[in-house]
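The block underneath contains the structure these notes are about, expressed in structure tokens.
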Amino acid sequence: MRLALTLSLATAVGLAGCAHKPTVEPISVPAPAPAPAPSASPEVKVTEPFFSRTKSAVATLTPSATSGVTGIVTFSGGSTSVDVHVIAAGLQPGSIHAFHVHENGTCASADFMTAGGHFNPTHKPHGPQDKPHHAGDMPSLLADPAGKIDTRFTLEGVTVGGTDGFVGHAVILHAVADDYDAQPTGNSGARIACGVIAAQ
Numbered sequence: 001m002r003l004a005l006t007l008s009l010a011t012a013v014g015l016a017g018c019a020h021k022p023t024v025e026p027i028s029v030p031a032p033a034p035a036p037a038p039s040a041s042p043e044v045k046v047t048e049p050f051f052s053r054t055k056s057a058v059a060t061l062t063p064s065a066t067s068g069v070t071g072i073v074t075f076s077g078g079s080t081s082v083d084v085h086v087i088a089a090g091l092q093p094g095s096i097h098a099f100h101v102h103e104n105g106t107c108a109s110a111d112f113m114t115a116g117g118h119f120n121p122t123h124k125p126h127g128p129q130d131k132p133h134h135a136g137d138m139p140s141l142l143a144d145p146a147g148k149i150d151t152r153f154t155l156e157g158v159t160v161g162g163t164d165g166f167v168g169h170a171v172i173l174h175a176v177a178d179d180y181d182a183q184p185t186g187n188s189g190a191r192i193a194c195g196v197i198a199a200q
């Protein structure tokens, strides 16, 4: 009888323990947020115009088959003007010579006709600096008593580089003065020296 009572008591305690055992709910662990996809390279915005990044250029003058003219021309400037420095030798003392930027960047032929016509991206008539003129129109140059030129001047409304800039075109020294009237060349005569304008 005591054994039966002991077993019944043990069974009751065991059942009671099971009845009061708390239920463990599964813990919900949130999945980690996906890592952000690598961003593309940031867009590079060019705020500095091309012409201001190409601030200087140079052209070495070589003579035509019939002249002995040599020299160097440097161009420098910013957004609205270009400073030009011309040094040349081998000219007749006191002679005056038309000087232009031409459309093609080549001096391949002996007479420099491969340089084409005047550089004129805005399609204006030929003329002096104070009237409508080609972008390539420049002042005529005077040789000193030794037959040399060393002169500087500033051109307005043009640039060294950029789509409508001087770089990549040719500069031509002509045999006679420009009359700034006859179209499209100003009766400038033969092409006696040529140089291709290259960025520095």
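Going by the UniProt record's numbering, the first residue of the sequence shown is number 1, and it counts up by one from there. All residues carry an ideal CB built from backbone N, CA and C; glycine is no exception.
Nearest neighbour of residue i, chosen from the options [CA to CA]
i           : options                           : result
alanine 110 : Ala198, Val58 and Ala193          : Ala193
proline 125 : Val196, Thr80, His169 and Asp181  : Asp181
alanine 59  : Ala175, His174, Gly168 and Gln183 : Gly168
Through-space distance from residue j to residue i, alpha-carbon basis
i              : j              : result
glycine 94     : aspartate 164  : 34 Å
asparagine 187 : histidine 97   : 11 Å
alanine 177    : glycine 189    : 8 Å
aspartate 179  : isoleucine 172 : 16 Å
glutamine 129  : valine 158     : 11 Å
valine 86      : histidine 134  : 19 Å
serine 67      : glutamine 200  : 27 Å
isoleucine 149 : histidine 123  : 30 Å
alanine 170    : leucine 61     : 10 Å
valine 196     : threonine 106  : 6 Å
serine 140     : leucine 91     : 14 Å
histidine 100  : alanine 108    : 17 Å
methionine 113 : threonine 151  : 25 Å
serine 76      : proline 63     : 24 Å
glycine 162    : methionine 138 : 19 Å
Whole-number beta carbon distance between residue j and residue i, since they are thought to touch under 8 Å
i          : j           : result
alanine 71 : alanine 89  : The question names alanine, but residue 71 is glycine in the sequence shown. Sure, about 6 Å apart at Cβ, within 8 Å.
valine 84  : leucine 155 : 6 Å
Within 8 Å, strictly: CB atoms of residue i and residue j
i             : j           : result
valine 160    : valine 82   : yes
histidine 102 : glycine 147 : no
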